[in-house]
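Asker: Starting off with a structure, shown below.
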Amino acid sequence: MLTEIQLTTLMSSLEADNIERTESVNKADKFGQAICAFANDLPNHRQPGYLLVGVKDDGTLSGLKVTDELLTSLGAIRSDGNILPQPFMNVAKYSLNGGDVAVVEVFPSDLPPVRYKGRTWIQIRSAILINWKVGQNA
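For the sequence shown, the residue numbers in my numbering are 129 to 266.
Written as structure tokens, this is what we have:
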């Protein structure tokens, strides 16, 4: 997982296709899509992607208080049956001045394409997710 310094660097990296920031704690579809896109690693970074919950789009903290329930729900995305094949990921809580951050670290899949609810998601730059259904022309 990340060090606190690495996390603050990721938070301030405004344009990156391996980082997704969100203030919301209850957008399961958004989280699933981002995790799927990171596991697909279309840019071939061969590095983890990071979902940062509790971080605004400008890289500042939202003041979120990360609970055990939030960490459990983020971890459950891996095995709820909506992402196949299941990605390898870690979930952690960081407490910083100004609020907490829940971090989901997602490693590139050895078995792409990874699908979320039957659709393949890729991220080509910050906050742009593209999907297509298997067997459907793009």
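Virtual Cβ for every residue (Gly too), placed ideally from N, Cα, C.
Mind checking which residues open and close the beta strand (DSSP E) that includes residue 160?
Answerer: In the sequence shown, residue 160 corresponds to position 32, counting from 1. Element bounds for residue 160: not the beta strand (DSSP E) but the alpha helix (DSSP H), 156-168.
Asker: For residue 134, which of helix, strand or coil comes out of DSSP?
Answerer: Residue 134 sits at position 6 when you count from the first residue of the sequence shown. Helix at residue 134.
Asker: In the DSSP output, which residue or residues are listed as bridge partners for residue 223?
Answerer: Residue mapping note: residue 223 aligns to position 95 of the sequence shown, counting from 1. As computed with DSSP, residue 223 is found in a beta bridge with 228.
Asker: Going straight from the alpha carbon of residue 174 to that of residue 191, what length do you get?
Answerer: What you label residue 174 is simply residue 46 of the sequence shown in a count that begins at 1. What you label residue 191 is simply residue 63 of the sequence shown in a count that begins at 1. So the alpha carbons of these two residues sit roughly 32 angstroms apart.
Asker: In whole angstroms, what is the alpha-carbon distance linking residue 137 and residue 189?
Answerer: Here residue 137 refers to the residue found at position 9 of the sequence shown. Here residue 189 refers to the residue found at position 61 of the sequence shown. Looking at the two C-alpha atoms, the distance is approximately 13 angstroms.
Asker: Please classify residue 139 as buried or exposed, where buried requires at least 16 other C-beta atoms within 10 Å of its C-beta.
Answerer: Here residue 139 corresponds to residue number 11 of the sequence shown, with the count starting at 1. With 16 or more other Cβ atoms within 10 Å, it is buried.
Asker: May I ask you to report which of helix, strand or coil DSSP gives residue 203?
Answerer: Locating residue 203 in the sequence shown gives position 75, where the first residue counts as 1. When DSSP states are grouped into helix, strand and coil, residue 203 belongs to the helix group.
Asker: Considering only DSSP beta bridges, list what residue 217 is partnered with.
Answerer: If you number the sequence shown from 1, residue 217 lands on position 89. For residue 217, which the question treats as bridged, DSSP gives the partners 234.
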